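So the sequence shown is residues -21 to -1, 1 to 318, counted in mature numbering (1 follows the signal peptide of the UniProt record, and there is no 0).
Where a beta carbon is used, it is the ideal one built from N, C-alpha and C, also for glycine.
No experiment lies behind these values; they were computed from the predicted model shown.
Working notes, beginning with the structure itself.
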Amino acid sequence: MRRVPRVITITVLVATFSLPAACGSGEQEPSPARPAADRVTWVTGFGAFGREAYVYVAQEKGFFREAGIEVTVQPGQGSGENLAAVLGGRAQFAAVDFTATLISAAGGKAEGAVAVAALHQRTLAALMALDGSGISRPKDLEGKTVADTASSVIRMMFPSYARLTGVDASKVKWVSLQPAQLAANLASGQVDAIGQYVVGQPTVRNAAKGKEIKVLPFGDVITDLYGSAVTTSATVATGRPDLVRRFTGALLKGLAYAVEHPQEAAGILVAKQPAQNAEVAAAELALMASYVRPADGTPMGAMSRERVERAITVLRTAGAFDEQLTPESVVSFDLLPKG
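See below:
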């Protein structure tokens, strides 16, 4: 399976979920003709960058309202924290990198977490460095300092990535930063490389004032992995399947619209998150488009038992974990989009 990498330039279950607002939902007040909406919290995968715009699009376009749901959006801090939010009842749904779910489940840290739709059909995990940093291949990471959030899937995957690419992981120093700090610290030279999704190149390049970026995609050497998935708890999945289907359907409508209309989606994001850059956000969404659409014509959000089984096998073979997992323990297949 070793390949030569390429370098490219729960919750309390009630009839209605009610949670304190964090970023506002933009939904209408109930009336006698319109019953109160189900209120849920969604945690983004990683901050409020362009790649996360789709949830705000689903709000702005009324997709959640049409589904009878009021959504509060909270910027995420990485897959580990997002899993904890879902399993601890602080959120009903979150974007969690599916590889993080597999690794955490094998380690007994994600029992009860299930994916109900794939947001990305391929892993977006990568490391990025500035051109001229001396990092152009995985082996160059030895002796360098790499930054990411403490609970990032990229940190979880790195030991396997290092093993497959011949890197001595003990010679790589990791430091923890918040999502918004990563690109700036790379640009200033405080760290040598950062963990990022491949679609984050526009954000990193903007912070680096246009300097070229070296990208080491993990998917070049660890194949058959999904990217992020809509993740919930087994309690919600089994107790409120209709809510799960309505939420996922509305969110995926927002995702489809966002990648088809990246500039409009970026404008919606910036209206909700003024600190973001519309041009950079649109560029992220344009890069993400090819990752969200299944290649075989299946519905957006689809996942298959066969691919999940292969992902488990790939990660076990790469040394990510030794424990046995079944696809059914980490995916609620009956709730996946049916088209």
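Asked, Found
"Is the CB-CB distance between V75 and V52 below 7 Å?", "no"
"Determine the direct distance from the alpha carbon of S149 to that of E239, and round the result to whole angstroms.", "43 Å"
"Can you tell me whether C2 is helix, strand or coil according to DSSP?", "Note on C2: pLDDT 45, under 50, position unreliable in the model; no value is reported."
"What are the complete alpha helix (DSSP H) segments, minimum 4 residues, inside the stretch 185 to 244?", "213 to 218 and 220 to 239"
"Relative to the alpha-carbon of G168, which residue among V177, Y176, V183 and V178 has its alpha-carbon at the smallest distance?", "V183"
"Could you check the C-alpha separation between Q100 and Y270 for me, to the nearest Å?", "6 Å"
"Quick check on A15: buried or exposed, where buried means 16 or more other Cβ atoms within 10 Å of its Cβ?", "exposed"
"At which residues does the alpha helix (DSSP H) containing G59 begin and terminate?", "S58 to L66"
"Name the DSSP beta bridge partners of Y33, please?", "Partner(s): none; Y33 has no beta bridge."
"Restricting to runs no shorter than 4 residues, where is the alpha helix (DSSP H) found entirely within the stretch 273 to 297?", "284 to 296"
"Skipping 5 residues on each side, what residues in its chain have a beta carbon closer than 7 Å to that of F300?", "I82, A85, G86 and L294"
"Would you kindly check if the distance between the Cβ of S212 and the Cβ of G111 is under 7 Å?", "no"
"Would you call the CB atoms of G57 and S155 closer than 7 Å?", "no"
"Exposed or buried, what is D221 when buried is set at 16 or more other beta-carbons lying within 10 Å of its beta-carbon?", "exposed"
"Which partner residues of E49 appear in the DSSP bridge assignment?", "R18"
"Among the candidates G26, G67 and R18, whose CA atom is the shortest distance from the CA of V50?", "R18"
"In angstroms, rounded to a whole number, what distance separates the CA positions of V287 and A216?", "19 Å"
"Mind checking G206: buried by the 16 CB within 10 Å criterion, or exposed?", "buried"
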